[in-house]
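Protein sequences appear in the order of chains C and P. Counting in our numbering, the first sequence runs from 1296 upward without gaps. Counting in our numbering, the second sequence runs from 188 upward without gaps.
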Amino acid sequence: MELPVVDFTAVYPEVVVTLVGLLVLAVDVFLKPERKTVLAVIALLGLFLALLVTLAYYPLDEVAFSGMVAADSFSQFFKLIFILSAAFSILMSPRYLQIFNINAGEYYELIMFCTLGMMVMVAGNDLVTIYIGLELMAISIYLMAGFQRDNPRSSEASMKYFLLGSFASAILLYGMSFFYGITGKTNLEEIARYLDFTQNMLNTKLITLSLVLMTVAFAFKIAAVPFHMWTPDVYEGAPTPLTAFMSVGPKVAAFAVILRVYMTTFHTLVPDWTQLFWILSVLTMVVGNVIAVAQQNIKRMLAYSSISHAGYLLIGVISAGTATEIKINGLPATSLVSESMMSVMVYLFAYMFMNLGAFAVVIALAKAGNPRELLQDYAGLARRKPFTAMLMTILLLSLLGFPGTFGFIGKFYIFKAAITTGNVTIAVIGVIMSVVAAFYYIRVIVYMYMREPEGEILPEADFASSTMYAVITTTVFTLLFGVAPGFIIAMARYSIEQMLA
Amino acid sequence: MVNVPTEVLNYIWLIPLFPLIGFVTIGLVGLKFFKGKTELVPSIIGCSSVFLSLVMSVLCVLALQRIEPDHEGVRVFTREVFSWIEMGAFRVPFKFQLDALSSVMILVVSGVGFLIHVYSHGYMHKDAGQYRFFSYMNLFTCAMLILVLGGNFLLMFIGWEGVGLCSYLLIGFWFEKDSASNAGKKAFVTNRIGDFGFALGMMLIFTTFGTLDYQTVFAEAPHTLEAGGAIVTLITLFLFIGATGKSAQIPLYVWLPDAMEGPTPTSALIHAATMVTSGVYMVSRCNVLYSMAPISLIVVGAVGAATAFFSATIGMAQYDIKKVLAYSTVSQLGYMFLGCGVASYTAGIFHLMTHAFFKALLFLGAGSVIHGMSGDQDMRNMGSLRHHMKHTWWTFMVAYVAIAGIPPFAGFFSKDEILWKAFTYNSPVLGPMWGKFLWAVGATAALMTAFYMTRLICLTFYGESRVSHEAEHHLHESPGSMIYPLMALAVLSLIGGWVGIPAALGGANHIHHFLAPVLDKAAHGASGAHAAATAGLAYAAEMASHGGGEEHSRGLELLMMAVSVGIAGVGMGVGYYFYIKNPNIPLLIQYELPRLHKTLLNKWYVDEIYNFAVVNGTKQFANLLCWFDAHIIDGIVNGTAFAARALSSGSILFDGGIVDGLVNLVAKIVEVCSGVLRRMQTGYVQNYALVMAIGVFVLLSIYVILR
């Protein structure tokens, strides 16, 4: 057995995030509880550095650590999303932590390590690397979800997520071990080669079994129905900045892994997993959207909305899968494959901005002792805080997929991919479900602009500066990329071409 | 020539970016700090941003000369700043293109723009909206630079709409005046008609070529399109409708004279020097297409000549100093289109450039006069101002001589080139007489130009002073920041034409050789053997050679020059005789020919006709629709309502029993379902785990057992 070759150029962003995480931990010891904001600044600077490092080495295309890590532009694309989402979550945190008395420096450190876990996950070129990254990410989140110790709901959320997450991890490991058992390999490329080579000669039932098990575990991470049960409870109980982080980071990471593993390694099993995802996607869109309609709590509403977004994203994955089977003039339709994968990546980028922005608005309105998360609290907000209400309106319209916003671009490409690859039925279901979604997104806008608050009008929270920076930045990007998405699209296309080549 | 490294060109996007930054800064900062005040800061930001653009433009143009020309001898630099729209086959990058044509344009826009920004500092120094003014002017400069630098039709359209917006904002700058806000609206609506044509042309180009990129479209046009065919004719005519709107040609010229309601620097920059010339730029940019569509060329030439002629007649009878200049602008724009219409695009662009110099100077001079006259614009209240405003007077005289067409001033060379090209033009459809006819109309317009400009000079600067006592008290020369730009423009109006001294006068005609690779592609192609192979280009080349390539004797060209100078002299002489020597003659003519004078004074009643035919027609149509709505539709609705009421009373029973029962049933089902779903979301983690386990089991059963 050969020892892994240490090739740090492939993992510089990861190294930076690790070191900054450790630095945060070290500095934390010397800080008084009321000066913990310094940690946020350090973490932000570190993330900025990681962003610069990622961009400086763009585009990479190498396999390092004896094939364990794939440092390619595909993983770099997702690393950008993780770094940005971590940065936005940290921007939202200081004031929230202060008013809810969460004085723990480990909070920032855990965000850094969670980010690291996600980065390792997308760079994973080996089932083991992917699993390690996934566990690092998940364990950090179990801890953070319970940070609001005086709130029983927070502890409950942490416990639930931990138990169910462990359950999912066990299922994932079960599936992975079957693959190892069948192929004798853990490296993705080697598994792919093995599967290609032994087509139709293996016990297909065993392969299908392990495929289903792995798919279930990833479905848990992206909160697809029926593996979504933890989502509303955990999202509601966890501290809101973390909910924002959790609704984006792990979901994006799981989709990145799905794209990489299923498109490059399991491409011989396309008919199996596209059907699997088809069922999951339809269930997710229907259940997520229908239940979201009934919610009175904004955080819970956003939790169900994030479930439904996973459903739309799965449409893109399905299109990518079916596209590999389409032949045009006897040649594989590579452009259809890459367009479908691109639609998922662009949608994820858009989802990051708009979902984080919407959560940031919820955080900006929270007050000490009163999180103000009920729909009723938003009645007449436009009169009391016109600017915040305007930004929230833009973000909600983007989540809805309104033209002129980044959300529209994402939905447009997803549905276009579905139709060009012949998945018309699911595209129609998706469009119908987007109409249902319009109901609960627009209801918030109606409350903000057209309803008068009932009963006593509580004074609004003071201006939450750093949180508002996050809101403004995400809104600006939502609009900017809604008009000129070419840059993101080009980046996504390039990384796919590189990965599939 | 200065050695500018070609790497400069990679930063070409800075040219429009500087004014954009200026616009944002002044707009945002101004709203907070300068509202209702006048400050130095907006002027400084406004002027310096355009100055930086100018410097960058000069550097880029110099750097362009150092890159290797391609096989057709064209030096062109393109840069995709970012990919902008990508929807399947529809791909539009944010792409800048710099070649000889856009070089001339960016230098004129940023150069003249800079001088006018400096002038505005003095002119607007007492205005409460000064910050607003500078931010709009910067936004305009940015949009105009995008228009001329854009590398595809959509980017040009962005600039096209952007300058239209700024024009609207600046015409209605003093929006509290009714006339100003109405003029703004009129300009906007009229331009909209033209933009519609432009958009149609653009869509037709896209459906024909599958792209909007200049280089691809122009390279493929000779192969894809049939020369003289319907498609190319339609495309060019649609685009030309856009040009008539933006460049104030018949029939859409009516907004430009009203646009004089805006501040004078606006009139100089937007409504004389740059924006209104964008139509000429567009036609020249599409020269490959126009040269393939002889019918369109005839339309362009005819509209240009007609506009040049009619607006010159109107200009002879106006009393408002800015109105005279406005009609003169319309007339000169007509000249430029006349040049394009005889397939001599270089002459059109050359005249565009010299016109930018002297017309900006005329407007700024007029602004200086109005400034001195405390806002009065009526020439009947002026006279003998040369004693009070010495610098304004001599700079104005330079511009006057230039526009009248006296050598060696700038206007002579460009106007003469257009007339000469028209005279020698041999239309492939109408024959050589068409060129002669256009020449005759143009020469008559030149005569009138010299006449009305002389009239303006005489009424304003010479003769008896008719200035009221009160106004005379305030009469003063304008401050330095207004005078220095005038002087700079005066120098340009003198020497600006020397880059195009024709060979007949022993000149090198630099501008022609500079622009020819881009603008006379067809003519160039004829000499290159490879192009002659393709039928389309050969046809176009043949046409172009009819236009200018034929060798006429030098003597004839010199004779024509003498004729045009003579015409200018006659015009000036008649003007002098009428308004200085014998001021009774104009009155006598007014008395003898009251109808003619009234018709000219009222601008051929075009506004009234439009009002009657278009505006009233629209209103009448709206009234008709309203009547239709009120009587027919409402009648149907009311009838339906009555029927419905009758029906509904009958169906109440049905409703109460069956429909409500169904609705309640559906509601009940949803309630039960949501009850089940709610009960599933118990909050007990063991239940969640159970659901997961069931999910795994069901999926496994489907896949492993059932298949």
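Yeah, the Cβ is synthetic: ideal placement off N, Cα and C, and Gly gets one too.
Label C:E1329 either buried or exposed according to how many other C-beta atoms from any shown protein chain fall within 10 Å of its C-beta, with 16 as the threshold for buried. For this step, residue 1329 of chain C is matched to residue 34 along the first sequence. Per the 10 Å Cβ criterion, exposed.
C-beta neighbour in chain P for C:W1525, strict 8 Å: As a first step, residue 1525 of chain C is located in the first sequence; it is residue number 230 there, counting from the start. True, the Cβ-Cβ gap to chain P drops below 8 Å.
Return yes when the C-beta of C:I1574 is under 7 Å from any heavy atom of the ligand NAP, and no when it is not. Among the components of this structure there are no ligands whatsoever, and the ligand NAP is therefore not found.
Would you say C:D1445 lies against chain P (beta-carbon separation less than 8 Å)? As a position in the first sequence, residue 1445 of chain C is number 150, starting the count at 1. No, because no Cβ of chain P sits closer than 8 Å to the Cβ of C:D1445.
Quick one: what's got a C-beta closer than 8 Å to P:S714's C-beta in the same chain, skipping five residues either side? The sequence position of residue 714 of chain P within the second sequence is 527, counting from 1. Any reading at P:S714 must be qualified, since the residue scores a pLDDT of 38, below 50, and its modelled position is unreliable; the value itself is stated next. Excluding sequence positions up to five before and after P:S714, its CB lies less than 8 Å from no other CB in the same chain.
Nearest candidate by alpha-carbon position, reference P:E651, set P:Y766, P:Q868, P:G552, P:L412: If you number the second sequence from 1, residue 651 of chain P lands on position 464. Measuring from the Cα of P:E651, the nearest candidate turns out to be P:Y766.
Name the two residues that bound the continuous alpha helix (DSSP H) containing P:I272. Counting from 1 along the second sequence, the entry for residue 272 of chain P is found at position 85. Per DSSP, P:I272 lies in no alpha helix (DSSP H) segment; the continuous beta strand (DSSP E) that holds it begins and ends at 264-274.
Under a CB-based cut-off of 8 Å, is P:Q284 close to chain C? Taking the second sequence and counting its residues from 1, the one referred to as residue 284 of chain P is at position 97. Contact with chain C is absent for P:Q284, since none of that chain's Cβ atoms lies less than 8 Å from the residue's Cβ.
Under 8 Å between C-beta atoms, does P:V891 make it to chain C? Numbered from 1 along the second sequence, position 704 holds the residue referred to as residue 891 of chain P. Yes, its Cβ sits closer than 8 Å to a Cβ of chain C.
From this set, P:A315, P:G552, P:G554, which residue's C-alpha is nearest P:G217's C-alpha? Within the second sequence, numbered from 1, the residue matching residue 217 of chain P stands at position 30. Out of P:A315, P:G552, P:G554, P:A315 has the C-alpha closest to the C-alpha of P:G217.
Beta-ladder partner(s) of P:V279, from DSSP: Locating residue 279 of chain P in the second sequence gives position 92, counting from the first residue. Answer is P:I272.
Would you kindly check if the distance between the Cβ of P:V296 and the Cβ of P:M331 is under 8 Å? Mapped onto the second sequence, residue 331 of chain P falls at position 144. Mapped onto the second sequence, residue 296 of chain P falls at position 109. Yes, Cβ-Cβ distance for P:M331 and P:V296 is below 8 Å.
Taking 8 Å as the cut-off, does the region 1610-1622 of chain C touch the region 1676-1688 of chain C (at least 3 CB pairs, one atom from each stretch)? The region 1610-1622 of chain C and the region 1676-1688 of chain C do not touch, with fewer than three beta-carbon pairs separated by less than 8 Å.
How big is the Cα-Cα spacing for C:T1769 and C:G1705? Here residue 1769 of chain C refers to the residue found at position 474 of the first sequence. Here residue 1705 of chain C refers to the residue found at position 410 of the first sequence. Distance between the alpha carbons of C:T1769 and C:G1705: 16 Å.
Listing by chain order, which chain P residues have their CB less than 9 Å from the CB of C:V1507? Locating residue 1507 of chain C in the first sequence gives position 212, where the first residue counts as 1. Ordered by position in chain P, the residues that pass the 9 Å Cβ test against C:V1507 are V883, L886, L887, I889, Y890, V891.
Check the Cβ-Cβ distances between P:M879 and every residue of chain C, and say whether any is below 8 Å. Against the second sequence, residue 879 of chain P aligns to sequence position 692. For P:M879, the answer is yes, since a Cβ of chain C falls inside 8 Å of its Cβ.
Kindly indicate if chain P contains any beta-carbon less than 8 Å away from that of C:A1618. The residue you call residue 1618 of chain C lines up with position 323 of the first sequence. Contact with chain P is absent for C:A1618, since none of that chain's Cβ atoms lies less than 8 Å from the residue's Cβ.
Can you tell me which of C:V1641, C:P1566, C:G1702, C:A1548 puts its alpha carbon nearest to the alpha carbon of C:I1425? Residue numbering aside, residue 1425 of chain C sits at position 130 when the first sequence is read from its first letter. Cα-wise, what sits closest to C:I1425 is C:A1548.
Counting only Cβ pairs nearer than 9 Å, list the residues of chain P close to C:T1503. To locate residue 1503 of chain C, count along the first sequence from 1; it is residue 208. Taking a Cβ-Cβ cut-off of 9 Å, the neighbours of C:T1503 in chain P comprise L887, Y890, V891, R894, given in sequence order.
Using Cβ-Cβ distances below 8 Å, what residues of the region 1452-1466 of chain C are close to chain P? Taken in chain order, the members of the region 1452-1466 of chain C whose beta-carbon sits within less than 8 Å of a beta-carbon on chain P are M1454, K1455, L1458, L1459, F1462, A1463, I1466.
Roughly how many angstroms separate the alpha carbons of C:M1794 and P:F327, rounded to a whole number? Along the first sequence, read from residue 1 onward, the residue named residue 1794 of chain C stands at position 499. Along the second sequence, read from residue 1 onward, the residue named residue 327 of chain P stands at position 140. So the alpha carbons of these two residues sit roughly 45 Å apart.
Which word fits P:E737, buried or exposed, when buried means at least 16 other C-beta atoms lie within 10 angstroms of its C-beta? Locating residue 737 of chain P in the second sequence gives position 550, where the first residue counts as 1. Below a pLDDT of 50, predicted positions are generally treated as unreliable, and P:E737, at 46, falls in that range; no measurement from the model is reported.
Output yes if chain P places a C-beta closer than 8 Å to the C-beta of C:G1625; else output no. What you label residue 1625 of chain C is simply residue 330 of the first sequence in a count that begins at 1. Chain P, which has no Cβ nearer than 8 Å to the Cβ of C:G1625, makes this no.
Length of the line joining the Cα atoms of C:T1410 and C:A1796: To locate residue 1410 of chain C, count along the first sequence from 1; it is residue 115. To locate residue 1796 of chain C, count along the first sequence from 1; it is residue 501. Using only the alpha carbons, I get a separation of about 28 Å.
Reduced DSSP secondary structure (H/G/I, E/B, other) of C:I1623: Position 328 of the first sequence, counted from the first residue, corresponds to residue 1623 of chain C. C:I1623 sits in a strand when the DSSP states are folded into three classes.
Using the beta-carbon count (16 or more within 10 Å), is P:C813 buried or exposed? The count along the second sequence starts at 1 and reaches residue 813 of chain P at position 626. By the neighbour-count rule (16 or more Cβ atoms within 10 Å), P:C813 is not buried but exposed.
What residues in the region 253-272 of chain P bring their beta carbon closer than 9 Å to a beta carbon of chain C? Correct list: F269, S270, W271, I272.
Work out the CA separation of C:G1583 and C:I1553 for me, nearest whole Å. The count along the first sequence starts at 1 and reaches residue 1553 of chain C at position 258. The count along the first sequence starts at 1 and reaches residue 1583 of chain C at position 288. Cα-Cα distance, rounded: 21 Å.
For chain P, check one thing: does any of its Cβ atoms lie closer than 8 Å to the Cβ of C:I1602? Here the question's residue 1602 of chain C lines up with position 307 in the first sequence. Chain P, which has no Cβ nearer than 8 Å to the Cβ of C:I1602, makes this no.
Tell me whether the region 279-294 of chain P and the region 398-408 of chain P touch, counting them as touching only if at least three CB pairs, one residue from each stretch, are closer than 8 Å. Because the criterion of three Cβ pairs below 8 Å is met, the region 279-294 of chain P and the region 398-408 of chain P touch.
If I follow the unbroken beta strand (DSSP E) through C:E1484, where does it start and stop? By one-based count along the first sequence, residue 1484 of chain C stands at place 189. Where C:E1484 is concerned, there is no enclosing beta strand (DSSP E), although the alpha helix (DSSP H) around it starts and stops at 1483-1492.
N- and C-terminal bounds of the beta strand (DSSP E) containing C:V1364: Along the first sequence, read from residue 1 onward, the residue named residue 1364 of chain C stands at position 69. First-last of the beta strand (DSSP E) with C:V1364: 1364-1367.
Classification of P:V824 by the beta-carbon crowding that lies within 10 angstroms, buried from 16 upward: For this step, residue 824 of chain P is matched to residue 637 along the second sequence. Looking at its Cβ environment, which holds fewer than 16 other Cβ atoms inside 10 Å, P:V824 is exposed.
Residue burial classification, P:I881 (beta-carbon count within 10 angstroms, cutoff 16): The residue you call residue 881 of chain P lines up with position 694 of the second sequence. The residue is exposed, with fewer than 16 neighbouring Cβ atoms inside 10 Å.
Among C:Y1475, C:E1531, C:A1487, nearest to C:E1451 - alpha-carbon criterion: Here residue 1451 of chain C refers to the residue found at position 156 of the first sequence. Of the candidates C:Y1475, C:E1531, C:A1487, the one whose C-alpha sits nearest the C-alpha of C:E1451 is C:E1531.
Quick check on the burial criterion: 16 or more other C-beta atoms within 10 angstroms. Buried or exposed for C:F1303? Reading the first sequence from its first residue, position 8 is the one you call residue 1303 of chain C. With fewer than 16 other Cβ atoms within 10 Å, it is exposed.
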